[in-house]
Amino acid sequence: MIEFRKSLLSSMCFLLVSPFVQAADPEIHWPSGWQVEEVVPDGEAPGKPQAVSRQRAIKNDENGNTLMVMELTGTPIEAGHKVNLQGVLLEMRKSIQKDFAQGGYQSVCSKMHPSTLSRLEALETTCVITENGRHVLSQTLVGAVDTDKAYVFSYAGQAEAYEASKAEVGSVRDSLKL
């Protein structure tokens with residue numbers, strides 16, 4: 000279970016270095032019972048204003064083991080820069096698959112398909128992670144670009160928790176204001 004938790008957290012860590020982070024915090028309503036964190040990038044003081052804004056919510060079981068993680072990241076886009084959203088999500092997906100493969104897991108990801116994130120058109124992909132043919136984890140990446148900001152909403156969890164948390168994830172996505 001520790002190895003699984005490491006894999007779950009390492010896949011989420013990719014978002015820590017992702018180029019998608021935002022200047023002003025979006026309005027997001029996390030589900031009750033989830034542990035909410037404001038994530039501060041390494042090397043930055045918590046009170047210091049930052050271009051990077053990341054918010055994360057974690058759902059733990061009664062023993063404190065991580066079942067699900069949701070995270071929203073975003074970054075300002077330089078004037079005149081065009082974000083290749085599909086390319087960025089493909090790289091994120093490839094990194095997730097590589098990280099899990101190094102841990103002895105197999106993964107299959109869906110093709111990118113149109114979606115929405117708040118009021119924005121988005122692209123979405125979901126990866127199913129297996130170990131010896133047994134479904135152990137699912138992770139979804141949703142990316143969107145606004146005129147001056149880019150966003151990634153990611154959620155991942157153990158197979159059963161992922162399915163059981165779909166309504167909570169949907170509620171967060173529906174209430175999100177970017």
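Under numbering that gives the first Met the number 0, think of the first position of the sequence shown as 0, with each following residue one higher. Where a beta carbon is used, it is the ideal one built from N, C-alpha and C, also for glycine.
Check: Can you name the residues that DSSP bridges to K93?
Finding: Translated into positions along the sequence shown, residue 93 becomes position 94. K93 pairs with nothing; no bridge assigned.
Check: Looking at the structure shown, is A22 part of a helix, part of a strand, or coil, going by DSSP?
Finding: As a position in the sequence shown, residue 22 is number 23, starting the count at 1. With a pLDDT of 41 at A22, under the threshold of 50, the modelled position of that residue is not reliable, and no figure is offered here.
Next item on the list: Taking S153 as part of the alpha helix (DSSP H), name the residues at either end of that continuous run.
Entry: Stepping through the sequence shown from its first residue, residue 153 is reached at position 154. S153: not part of any alpha helix (DSSP H); member of the beta strand (DSSP E) spanning K148 to Q157, first to last residue.
Next item on the list: Report the rounded CA-to-CA distance for N131 versus S174, giving the unit in angstroms.
Entry: For this step, residue 131 is matched to residue 132 along the sequence shown. For this step, residue 174 is matched to residue 175 along the sequence shown. Each residue's Cα considered, the two are about 37 angstroms apart.
Next item on the list: Note down the Cα distance separating V144 from V82, rounded to an integer number of angstroms.
Entry: By one-based count along the sequence shown, residue 144 stands at place 145. By one-based count along the sequence shown, residue 82 stands at place 83. The C-alpha of V144 lies about 7 angstroms from the C-alpha of V82.
Margin query: Run through the DSSP bridge pairs and tell me what P75 is partnered with.
Written below: In the sequence shown, counting from the first residue as 1, residue 75 sits at position 76. According to DSSP, P75 bridges with K148.
Notebook entry, point to check: What are the boundary residues of the beta strand (DSSP E) that includes S106?
Noted result: Within the sequence shown, the letter at position 107 stands for residue 106. Q105 to C108 is the span of the beta strand (DSSP E), which, as asked, contains S106.
Next item on the list: Measuring alpha carbon to alpha carbon, tell me which of P113, E90, A121 and F99 ends up nearest K209.
Entry: Because the chain here runs from 0 to 177, residue 209 falls outside it and cannot be looked at.
Next item on the list: Specify the secondary structure class of K176 as computed by DSSP and reduced to three states.
Entry: Reading the sequence shown from its first residue, position 177 is the one you call residue 176. When DSSP states are grouped into helix, strand and coil, K176 belongs to the strand group.
Notebook entry, point to check: Is the region 132 to 143 touching the region 151 to 158 in the sense that three or more CB pairs, one from each, lie closer than 8 angstroms?
Noted result: The region 151 to 158 makes contact with the region 132 to 143; the number of CB pairs closer than 8 angstroms reaches 3 or more.
Notebook entry, point to check: CB S117 to CB P30, shorter than 9 angstroms?
Noted result: Indexing the sequence shown from 1 puts residue 117 at position 118. Indexing the sequence shown from 1 puts residue 30 at position 31. Result no, Cβ atoms of S117 and P30 do not sit closer than 9 angstroms.
Check: Considering only C-alpha positions, which residue in the set Q54, L119 and R133 is nearest to E159?
Finding: For the purposes of this step, residue 159 is identified with residue 160 of the sequence shown, where counting begins at 1. Nearest option by C-alpha distance: R133.
Margin query: In the DSSP output, what is E130 paired with across the bridge?
Written below: As a working mapping, residue 130 is identified with position 131 in the sequence shown. Among the bridge pairs identified by DSSP, E130 is matched with R133.
Item checked: Status (buried if at least 16 other CB within 10 Å, exposed otherwise) for V107 -> Mapped onto the sequence shown, residue 107 falls at position 108. Classified as exposed, V107 has fewer than 16 neighbouring CB atoms from the shown chains inside 10 Å of its CB.
Next item on the list: Give the single residue among E26, R55, V68 and G32 whose Cα lies nearest to the Cα of S137.
Entry: Residue 137 sits at position 138 when you count from the first residue of the sequence shown. Of the candidates E26, R55, V68 and G32, the one whose C-alpha sits nearest the C-alpha of S137 is V68.
Margin query: Just to confirm the assignment, what range does the beta strand (DSSP E) spanning I57 have?
Written below: For the purposes of this step, residue 57 is taken as residue 58 along the sequence shown, with counting starting at 1. I57 -> beta strand (DSSP E) spans S52 to N59.
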